[in-house]
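Residues 2 to 245 in our numbering are what the sequence shown lists, from first letter to last.
Cβ coordinates follow ideal geometry from the N, Cα and C atoms, glycine included.
Since the structure comes first, as structure tokens, the remarks are kept for the end.
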Amino acid sequence: MSRDFGISCRSIGRVVHDDLGLKSLKCRKVHMLTKAIREMRLQRSRCLLSRAGQSVVNKILFSDEKLFTIQEVSNPQNDRIISSSVQDIPEQLRFIPRRQKPASVMVWGESPQTPGLILFLFYSEVKGFGCKNFGNTSWTFQQHGAPAHTANATQQWFRDKKIDFISKEQWPPSSPDLNPIDYSVWSILEQKVCASSHANISSLKACLQREWLKIPQDHFRCAVYQFRTRLQAVVSKKGGYTEQ
Numbered sequence: 002m003s004r005d006f007g008i009s010c011r012s013i014g015r016v017v018h019d020d021l022g023l024k025s026l027k028c029r030k031v032h033m034l035t036k037a038i039r040e041m042r043l044q045r046s047r048c049l050l051s052r053a054g055q056s057v058v059n060k061i062l063f064s065d066e067k068l069f070t071i072q073e074v075s076n077p078q079n080d081r082i083i084s085s086s087v088q089d090i091p092e093q094l095r096f097i098p099r100r101q102k103p104a105s106v107m108v109w110g111e112s113p114q115t116p117g118l119i120l121f122l123f124y125s126e127v128k129g130f131g132c133k134n135f136g137n138t139s140w141t142f143q144q145h146g147a148p149a150h151t152a153n154a155t156q157q158w159f160r161d162k163k164i165d166f167i168s169k170e171q172w173p174p175s176s177p178d179l180n181p182i183d184y185s186v187w188s189i190l191e192q193k194v195c196a197s198s199h200a201n202i203s204s205l206k207a208c209l210q211r212e213w214l215k216i217p218q219d220h221f222r223c224a225v226y227q228f229r230t231r232l233q234a235v236v237s238k239k240g241g242y243t244e245q
């Protein structure tokens with residue numbers, strides 16, 4: 002815009018903010034929502050709203066996974082260095098090294114409603130963990146639509162173990178905006194864990210466990226409490242995007 006009008010960026014900013022009262026906003030990357038996916042999101046969100054009142058939502062064991070690497074994660078928009086010249090900036094501050102194939106670990110997180118948070122969990126441990134957290138009351142396990150979760154063998158495993166779960170036919174597709182761990186936890190954990198690079202996987206895992214345990218229980222509770230509100234938002238958008 003500055004080049005198009007032949008004026009400075011600062012002048013453009015003053016016109017946008019001061020004269021027009023507008024804001025400069027970023028475009029966001031989101032999942033592709035086709036007409037069919039929007040319809041499934043709409044119908045399945047309605048069904049989940051009918052199935053899960055707030056008291057039931059509090060007994061859902063939400064899960065999600067994310068890949069963490071030993072590399073530092075930076076935000077080019079926010080991570081800035083103030084200096085009189087580029088040459089005055091030390092090399093270790095100016096550059097963020099990148100490996101071609103950095104060592105990584107896939108993390109699977111759970112959002113229980115009682116103390117005793119867990120970060121790494123195997124399918125074989127789900128039932129014992131759920132019973133420990135919810136006692137003798139009924140509870141439901143949630144997982145998203147990744148192939149490993151929607152595989153017939155995986156779905157049957159939950160049925161064989163008598164674990165109530167949200168099946169692949171019930172969970173809305175392409176819906177990270179509905180998973181409390183996805184919309185409320187991973188970004189916080191990544192910001193803390195990947196603020197600097199790690200020497201090896203052991204260091205990364207130790208840091209993940211340490212920072213996960215620092216997340217307050219109230220943060221998980223608030224994230225889970227938003228679940229029904231987000232389902233309602235999907236319905237009001239007719240299965241469309243809910244992100245602001």
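- Per DSSP, reduced to three states, the secondary structure at residue 158 is helical.
- Close CB contacts of residue 177 within its chain, under the 6 angstroms cut and outside five residues either way in sequence, are with 183 (chain order).
- Comparing alpha carbon positions, the residue from 35, 40, 46 closest to residue 180 is 46.
- In the DSSP assignment, residue 228 falls within the unbroken alpha helix (DSSP H) covering 228 to 237.
- Residue 50 sits close to residue 229, with the two beta carbons spaced by under 8 angstroms.
- In summary, residue 243 is buried, with 16 or more beta-carbon neighbours lying within 10 Å of its beta-carbon over all protein chains present.
- Shortest Cα-Cα distance from residue 199 to any of 99, 9, 139 involves 99.
- Taking a cut-off of 8 angstroms on C-beta distances, the stretch 154 to 169 touches the stretch 122 to 141, as three or more cross pairs fall below it.
- Around residue 29, the same chain offers 244 as residues with beta carbons nearer than 8 angstroms, after the five sequence neighbours per side are excluded.
- The C-beta of residue 42 has 16 or more other C-beta atoms within 10 Å across all chains shown, which makes the residue buried.
- The stretch 201 to 217 and the stretch 67 to 74 touch, with no fewer than 3 CB-CB distances between them shorter than 8 angstroms.
- Nearest C-alpha to residue 63 among 39, 110, 102, 89: 110.
- For residue 106, the CB contacts under 7 angstroms within the same chain, skipping 5 residues up- and downstream, are 69, 202, 205, 206 in chain order.
- The distance from the Cβ of residue 239 to that of residue 39 is about 7 angstroms, consistent with a contact at the 8 angstroms cut-off.
- By the neighbour-count criterion, in which 16 or more other beta carbons inside 10 Å mark a residue as buried, residue 221 falls on the buried side.
- Taking the Cα positions, residue 25 is about 24 angstroms away from residue 74.
- When DSSP states are grouped into helix, strand and coil, residue 67 belongs to the strand group.
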